[in-house]
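A.B. asks:
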């Protein structure tokens, strides 16, 4: 897993990677036919009190898909299925996805697969989502999180995409969601993260994300 991460990210540190991994509850793994790991996403299921209410959230940690598989939906399908399993475990309680994003491809999962999320290029008012996002991000990252911008800045990079894989500026000319991400997180190239939020619920999912999520919910029952 670290080898795959290090091939795609600068400022990769093995000790920090293993420390972050130890915090997580599970890992979604994708293997090639030969058995090699070609993608993964780490998952933490957390709870946070926000304005007197307990919020369940799924936090995505380190996530990588080998560049040769970009455009392949296999990791996304597996991730949504895992999220559906977690949703079944929390029952009638709401479950939110709390990703911190330093790449436009990850950010575009939100507008591509969720009906409502925050922040969004469509500028739809979402005070409830913002309030929950700020509560989780403040609790997790303290002084490193700026609620005005939604950015988490550790100063020194904790990992950022290698230059050969950076294409956000080119993509922004053709994709408004990438353009929005660049405006919201102009320092992404040095590992600054944009805190985001979306509810994980069938009513808020679109495209095959809903199908895989439903499969995970059914499998858990």
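Residue numbers (the numbering used here): 2 to 222. Backbone N, C-alpha and C define an ideal beta-carbon position, used for all residues, glycine too.
In the region 178-205, which residue ranges form an unbroken beta strand (DSSP E) of at least 3 residues, counting only runs that do not cross its ends?
C.D. replies: 194-196
A.B. asks: Expressed to the nearest angstrom, what Euclidean distance is found between the alpha-carbon atoms of residue 66 and residue 7?
C.D. replies: Cα to Cα, the separation comes out at about 12 Å.
A.B. asks: Determine the extent of the alpha helix (DSSP H) in which residue 141 is found, giving its start and end residues.
C.D. replies: 128-142
A.B. asks: Residue 223 lies in the beta strand (DSSP E); which residues open and close that run?
C.D. replies: What is shown of the chain runs 2 to 222, which leaves residue 223 out entirely.
A.B. asks: In terms of alpha-carbon separation, which member of 151, 158, 88, 95 lies closest to residue 119?
C.D. replies: Ranking the options by Cα distance to residue 119, first place goes to 151.
A.B. asks: For residue 45, I'd like the list of residues in its chain whose CB is within less than 7 Å of its CB, leaving aside the five on either flank, ordered along the chain.
C.D. replies: 24, 25, 26, 60, 62
A.B. asks: Between which residues of its own chain and residue 94 is the CB-CB distance below 7 Å, once the five residues before and five after are set aside?
C.D. replies: Cβ-Cβ distances below 7 Å link residue 94 to 57 in the same chain, with the five nearest sequence neighbours on each side left out; the list follows chain order.
A.B. asks: In this structure, what does DSSP give as the bridge partners for residue 286?
C.D. replies: Past the boundaries of the shown model lies residue 286; the chain is included only from 2 to 222, so the question cannot be answered.
A.B. asks: Does residue 20 pass the burial test, meaning 16 or more other C-beta atoms within 10 Å, or should it be called exposed?
C.D. replies: Exposed is the label assigned to residue 20, since fewer than 16 other Cβ atoms lie within 10 Å of its Cβ.
A.B. asks: Compare the beta carbon distance of residue 86 and residue 196 with 7 Å and say whether it is the shorter of the two.
C.D. replies: No, Cβ-Cβ distance for residue 86 and residue 196 is not below 7 Å.
A.B. asks: Thinking just about the alpha-carbon of each residue, which of 136, 32, 148, 204 is nearest to the one in residue 49?
C.D. replies: 136
A.B. asks: Pick helix, strand or coil for residue 208, following the three-state DSSP scheme.
C.D. replies: DSSP, read as helix, strand or coil, puts residue 208 in coil.
A.B. asks: Quick check on the DSSP output: the alpha helix (DSSP H) that includes residue 109 runs from which residue to which?
C.D. replies: 105-114
A.B. asks: In this structure, how does DSSP classify residue 8 when only helix, strand and coil are distinguished?
C.D. replies: helix
A.B. asks: Pick out whichever of 109, 9, 207, 202 has its Cα sitting closest to the Cα of residue 181.
C.D. replies: Considering only 109, 9, 207, 202, the residue with the shortest C-alpha distance to residue 181 is 109.
A.B. asks: By Cβ distance, which residues of its chain are closer than 8 Å to residue 208, with the 5 residues on each side in sequence left out?
C.D. replies: Once the five neighbours on either side are set aside, the close Cβ partners of residue 208 are 113, 114.
A.B. asks: Which residues in the same chain have their Cβ closer than 8 Å to the Cβ of residue 224, if we skip the five residues on either side of it in sequence?
C.D. replies: Outside the displayed range of the chain (2 to 222) lies residue 224, so it cannot be described from this structure.
A.B. asks: Output the boundary residues of the alpha helix (DSSP H) element that contains residue 15.
C.D. replies: 15-24
A.B. asks: Give the C-beta separation of residue 198 and residue 134 to the nearest angstrom, bearing in mind that I take them to be a contact with Cβ-Cβ under 8 Å.
C.D. replies: 4 Å
A.B. asks: Going straight from the alpha carbon of residue 189 to that of residue 36, what length do you get?
C.D. replies: 32 Å
A.B. asks: Using the rule of at least 16 other Cβ atoms within 10 Å of the residue's Cβ for burial, across every protein chain shown, is residue 88 buried or exposed?
C.D. replies: buried
A.B. asks: If we ignore side chains and look at the alpha-carbon of each, how far apart do residue 52 and residue 69 end up?
C.D. replies: 44 Å
A.B. asks: If you draw a straight line from the alpha carbon of residue 157 to that of residue 192, how long is it in whole angstroms?
C.D. replies: Approximately 8 Å, taken between the alpha carbons.
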